[in-house]
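Chemist:
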Amino acid sequence: MIVAAQGDNLAPHFNVPAQNETAVAGRTAILTCTIQSLGDHKVAWMDPKLKLLTIADQRIIQDTRISVERPFTQNWNLHIRQVRLNDSGEYQCQINTKPVKSTKVLLIVQEPPAIIRTSGSQTVREWETVSLWCTVTGVPFPTVTWYRKNKHEHQKATEVVGADGEGLKIHNISRYCQDEYECVADNGIETMAKAKMR
Numbered sequence: 019m020i021v022a023a024q025g026d027n028l029a030p031h032f033n034v035p036a037q038n039e040t041a042v043a044g045r046t047a048i049l050t051c052t053i054q055s056l057g058d059h060k061v062a063w064m065d066p067k068l069k070l071l072t073i074a075d076q077r078i079i080q081d082t083r084i085s086v087e088r089p090f091t092q093n094w095n096l097h098i099r100q101v102r103l104n105d106s107g108e109y110q111c112q113i114n115t116k117p118v119k120s121t122k123v124l125l126i127v128q129e130p131p132a133i134i135r136t137s138g139s140q141t142v143r144e145w146e147t148v149s150l151w152c153t154v155t156g157v158p159f160p161t162v163t164w165y166r167k168n169k170h171e172h173q174k175a176t177e178v179v180g181a182d183g184e185g186l187k188i189h190n191i192s193r194y195c196q197d198e199y200e201c202v203a204d205n206g207i208e209t210m211a212k213a214k215m216r
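According to this note's numbering, the residues represented by the sequence shown are 19 to 216, in order.
Quick look at the structure:
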């Protein structure tokens, strides 16, 4: 009697459940696909719009950021270098069996916070209301906190004066006000973005 070795004569199948991938914009995203008993079958990757990206280890599209890397025989990992926000979505690793077998990998691309515009420093009349603002971007969308830095000689403390959005109103401004205000955007991705105004 001949006993087949484990894995012999098996239909191709995905050996490890697919893992979703989270990557920061500008870095490399690695979408993993591990297949057992592939035999003569082929592996393909499809993008979220079901556009064919690769067959076997060959890139089909012109986007040179994309490649298939195989650190081990069973691996068919899709690499996306300099990943962008619009690369986000659900990718498919497919085996050309009949019917086709596929596994899905969700790519989530995050972006560090950035401050793209501010109201800048302003000159107003005494006792008027000043409106400061900063426009922020980032994925996920950042929270914005406003800080006031007291410039008086004996008081140099920093205090939170607003945490409810991109705008801050300062009422009854005084000619003696020498405080500096700072807009800080944070979404937990890399470093916070900051902008100072007075």
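Idealized CB from N, CA, C, for every residue including glycine. Please read all numbers here as calculations on a predicted model, not as lab measurements.
Excluding five sequence neighbours on each side, which residues of the same chain lie with their C-beta closer than 8 Å to the C-beta of Asp69?
Modeler: Residue mapping note: residue 69 aligns to position 51 of the sequence shown, counting from 1. First, the residue type needs correcting, since residue 69 is Lys and not Asp in the sequence shown. Ile79.
Chemist: Short of 8 Å in beta carbon distance, which residues of its chain neighbour Val21, apart from the five on each side in sequence? Order them along the chain.
Modeler: Here residue 21 refers to the residue found at position 3 of the sequence shown. The predicted position of Val21 is uncertain, since its pLDDT is 34 and thus under 50; no value can be drawn from it.
Chemist: Alpha carbon to alpha carbon, what distance is there between Asn114 and Ala23?
Modeler: Along the sequence shown, one-based indexing puts residue 23 at 5. Along the sequence shown, one-based indexing puts residue 114 at 96. Per-residue confidence for Ala23 stands at a pLDDT of 39, beneath the threshold of 50, marking its modelled position as unreliable; no derived number is given.
Chemist: What does the Cβ neighbour count give for Gly44, buried or exposed, with the cut at 16 atoms within 10 Å?
Modeler: Position 26 of the sequence shown holds residue 44. So Gly44 counts as exposed.
Chemist: Spatial neighbours of Arg99 within its chain, please: C-beta separation below 6 Å, excluding the five flanking residues on both sides.
Modeler: For the purposes of this step, residue 99 is taken as residue 81 along the sequence shown, with counting starting at 1. Result list for Arg99: Thr46, Arg83, in chain order.
Chemist: Buried or exposed for Ala74, please, with buried defined as at least 16 other CB atoms from any protein chain shown within 10 angstroms of its CB.
Modeler: Here residue 74 corresponds to residue number 56 of the sequence shown, with the count starting at 1. Exposed is the call here.
Chemist: Taking just the CA atoms, how far does Gly206 sit from Arg216?
Modeler: Within the sequence shown, the letter at position 198 stands for residue 216. Within the sequence shown, the letter at position 188 stands for residue 206. Near 27 Å, if we compare the C-alpha coordinates of Gly206 and Arg216.
Chemist: In or out: Pro131 buried (at least 16 other Cβ within 10 Å) or exposed?
Modeler: For this step, residue 131 is matched to residue 113 along the sequence shown. Result: buried.
Chemist: Could you tell me the alpha carbon to alpha carbon distance between Gly133 and Leu96, rounded to whole angstroms?
Modeler: Numbered from its first residue, the sequence shown carries residue 133 at position 115. Numbered from its first residue, the sequence shown carries residue 96 at position 78. A small fix is needed here, since residue 133 is Ile in this sequence, not Gly. In a straight line, the C-alpha of Ile133 is about 32 Å away from that of Leu96.
Chemist: Excluding the 5 residues flanking Gln140 on each side, which residues of the same chain have their C-beta closer than 7 Å to its C-beta?
Modeler: Translated into positions along the sequence shown, residue 140 becomes position 122. Cβ neighbours of Gln140 beyond the five flanking positions: Val148.
Chemist: Using a threshold of 7 Å, state whether the C-beta atoms of Pro30 and Leu56 are closer than that.
Modeler: Residue mapping note: residue 30 aligns to position 12 of the sequence shown, counting from 1. Residue mapping note: residue 56 aligns to position 38 of the sequence shown, counting from 1. Cβ distance < 7 Å, so Pro30 and Leu56 count as in contact.
Chemist: List, from N- to C-terminal side, the beta strand (DSSP E) runs of 3 residues or more that fit wholly inside the region 99-127.
Modeler: Within the region 99-127, the complete beta strand (DSSP E) runs of at least 3 residues are 107-113.
Chemist: State the DSSP-derived secondary structure class of Asp81, mapped to helix, strand or coil.
Modeler: As a position in the sequence shown, residue 81 is number 63, starting the count at 1. Coil at Asp81, not helix or strand.
Chemist: From the DSSP secondary-structure annotation, give me the bridge partner or partners of Asp204.
Modeler: Position 186 of the sequence shown, counting from 1, holds the residue named residue 204. DSSP output for Asp204 lists Thr161 as bridge partner(s).
Chemist: Can you tell me which of the three DSSP states Gly278 falls into?
Modeler: Nothing about residue 278 can be reported from this structure: the residues present for the chain run from 19 to 216 only.
Chemist: On the DSSP bridge list, what partners appear for Cys152?
Modeler: Taking the sequence shown and counting its residues from 1, the one referred to as residue 152 is at position 134. For Cys152, which the question treats as bridged, DSSP gives the partners Thr136.
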